[in-house]
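S.K.: In terms of this note's numbering, the sequence shown is residues 1227 to 1577. Ideal Cβ positions, reconstructed from N, Cα and C, are used throughout, including at glycine. The structure presented is a predicted model; accordingly, all values stated were derived computationally and were not measured.
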Amino acid sequence: TNYGSPIYGNNHPICDAVSVSLMREAGAIILGKTVTTEFASFTPGPTRNPRNLDHTPGGSSSGSAAAVADYMVPLATGSQTAASILRPASYCGVVGYKPSYGKISIGGVKSLSVTLDTLGVFGRTVSDVALGVAAMSADHDLMNITPLESKIRIGICKTDDFAHAQAETAAALSLAGFAAKAFANGGVGEIALPMDCAKLSETQTTIMLFEMAKSFTFEKLNHFDQISPTLKAIIERGDAITYDHYHAALLKAKLARAAIKELFADQVDILIAPSATGEAPKTLEQTGDPIFSRGWTLLGLPCINLTVTTGPNGLPVGVTLVAGPGQDRLLLSAASALAQQLSDPVSINQF
């Protein structure tokens, strides 16, 4: 892999990452490497959105989402530090599953942010992505999705960033909430996040930028001229963050995780939230706004994108289902139930 950078143009790792080794052990056939943005950050690669070639596929896992959407492969891996699984999945109209933080080992993966980096998978059905994460994590029971035995508590969570949502995202939330009533206990109402979860996007950004700047120390000191202007600016922003500011953000994240755990225990089983601000933007110069997934990544919660509707240009628009800490099995069960209500797309078994 070259990590989307000319610095590593001839890079040939001597061993597989832990997740790849586990996939091979489970019987996966690795077909190849898809395109990522530069170091899984914000500078786009050459990948286009197969739904409309003039629109971005999202990032950073651009090639993975596009390859699945274009039927090149049934499954593809990705990583998320901000929104790099959920947003491309929404833009390309596929299922994107970001499991709980730490569910899949990041051993052998070039890290951006050790506090946030999470591996996941893209597929065309919920059962397919469950199979993928089961293999990558060696939690093989995960592939056996249990149907919901009773109705569950479901809420719509617009987050405090909802001012960024376009009309199609608001419509997707409403449609998903209506469909989820089929298996919801007591209807589907709006749920506000606790006060300790305010400004999660800002907290995530502080932690990510600080840790990214440290992660690129070698590249900055030895290959600065080969780093894109966008990434250089990100590194400069990270270098400007003091340790005290970073440490305060870590403490805020700890409080937010405790508060969200209590919310899920007391009020709700599954949240339905935006995956992106809208459909994929008509541009190949950037990969879209990650704002709606930053908070869930910071909280380490399991999330999955399902396509719900289309936007004004006929491109897919998804929603994110979010479960409580470590509740991946419940998430997959709920996602499977909602996908059935939304008419789940073709399965891997028909690939």
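#1: Three or more beta-carbon pairs under 8 Å between the region 1520–1530 and the region 1321–1340, yes or no?
#2: Please classify C1318: does DSSP put it in a helix, a strand, or coil?
#3: Would you identify the three-state DSSP class for A1474, choosing helix, strand or coil?
#4: Determine which residues share a DSSP beta bridge with S1305 and list them.
#5: Taking C-beta to C-beta, are A1499 and C1383 nearer than 8 Å?
#6: Any idea which residues DSSP pairs T1456 with across the strands?
#7: In terms of alpha-carbon separation, which member of I1332, G1349, D1495 lies closest to L1342?
#8: Please report how far the alpha carbon of S1454 lies from the alpha carbon of Q1493, in whole angstroms.
#9: Which ranges does the alpha helix (DSSP H) cover as unbroken runs of at least 4 residues, wholly within the region 1392–1430, from first to last along the chain?
#10: Out of A1506, K1377, A1266, which one is the CA nearest neighbour of S1339?
#11: Would the region 1543–1559 and the region 1411–1422 be scored as touching if the rule is three or more Cβ pairs under 8 Å?
#12: Give me the Cα-Cα distance between R1250 and S1310, rounded to the nearest whole angstrom.
#13: Nearest-angstrom Cα distance between E1394 and L1301?
#14: Please give the ranges of any beta strand (DSSP E) in the region 1473–1554, keeping only runs that are unbroken, at least 3 residues long and fully inside the region.
#15: Nearest CA to the CA of N1275: which residue from A1295, I1256, Q1430, T1443?
#16: In whole angstroms, what is the alpha-carbon distance linking H1238 and L1568?
#17: Quick one: what does DSSP say R1379 is sitting in, helix, strand or coil?
#18: Tell whether a beta-carbon distance below 8 Å holds between V1543 and L1532.
#19: Just mark E1437 as buried or exposed, buried being the case when its beta carbon has 16 or more other beta carbons within 10 Å.
#20: Classify D1367 as buried or exposed, calling it buried when 16 or more other Cβ atoms lie within 10 Å of its own Cβ.
#21: Starting from V1246, trace the alpha helix (DSSP H) in both directions and tell me its first and last residue.
#22: Would you tell me roughly how many angstroms separate the C-alpha atoms of C1529 and D1495, rounded to the nearest one?
#23: Please report how far the alpha carbon of V1246 lies from the alpha carbon of M1362, in whole angstroms.
#24: Just to confirm my understanding: we take L1401, look at its own chain, exclude 5 residues before and 5 after, and list those with CB closer than 7 Å. What are they?
M.R.: So, to answer that:
#1: Note that the region 1520–1530 touches the region 1321–1340; at least 3 beta-carbon pairs, one per stretch, sit closer than 8 Å.
#2: Residue state, collapsed to three classes: helix.
#3: Taken through DSSP and simplified to helix, strand or coil, A1474 comes out as helix.
#4: BP columns for S1305 point to L1345.
#5: Contact flag set, yes.
#6: Paired residue(s): none; T1456 is not in a bridge.
#7: For the set I1332, G1349, D1495, the Cα lying nearest the Cα of L1342 is the one of I1332.
#8: Answer to the nearest angstrom: the Cα atoms are 45 Å apart.
#9: Uninterrupted alpha helix (DSSP H) stretches at least 4 residues long and entirely within the region 1392–1430 occur at 1393–1406, given in chain order.
#10: Of the candidates A1506, K1377, A1266, the residue whose Cα lies closest to the Cα of S1339 is A1266.
#11: The region 1543–1559, when compared against the region 1411–1422, does not touch it at the 8 Å Cβ threshold.
#12: Roughly 24 Å separates the two Cα atoms.
#13: Rounded to whole angstroms, E1394 to L1301 spans 27 Å at the Cα level.
#14: Runs found: 1496–1500, 1529–1536, 1542–1549.
#15: Scanning A1295, I1256, Q1430, T1443 for the CA closest to the CA of N1275 turns up A1295.
#16: Between the C-alpha atoms of H1238 and L1568 there is a straight-line separation of about 42 Å.
#17: Of the three classes helix, strand and coil, the one that applies to R1379 here is strand, per DSSP.
#18: No, the pair does not count as a contact, with Cβ atoms beyond the cut-off.
#19: Answer is buried; the Cβ neighbour count reaches 16.
#20: By the Cβ neighbour-count rule, D1367 is exposed, with fewer than 16 other Cβ atoms within 10 Å of its own.
#21: Element bounds for V1246: 1244–1251.
#22: CA-CA distance, C1529 to D1495, rounds to 13 Å.
#23: Inter-residue distance for V1246 and M1362 is about 7 Å (C-alpha atoms, whole angstroms).
#24: Correct list, in chain order: V1534, T1535.
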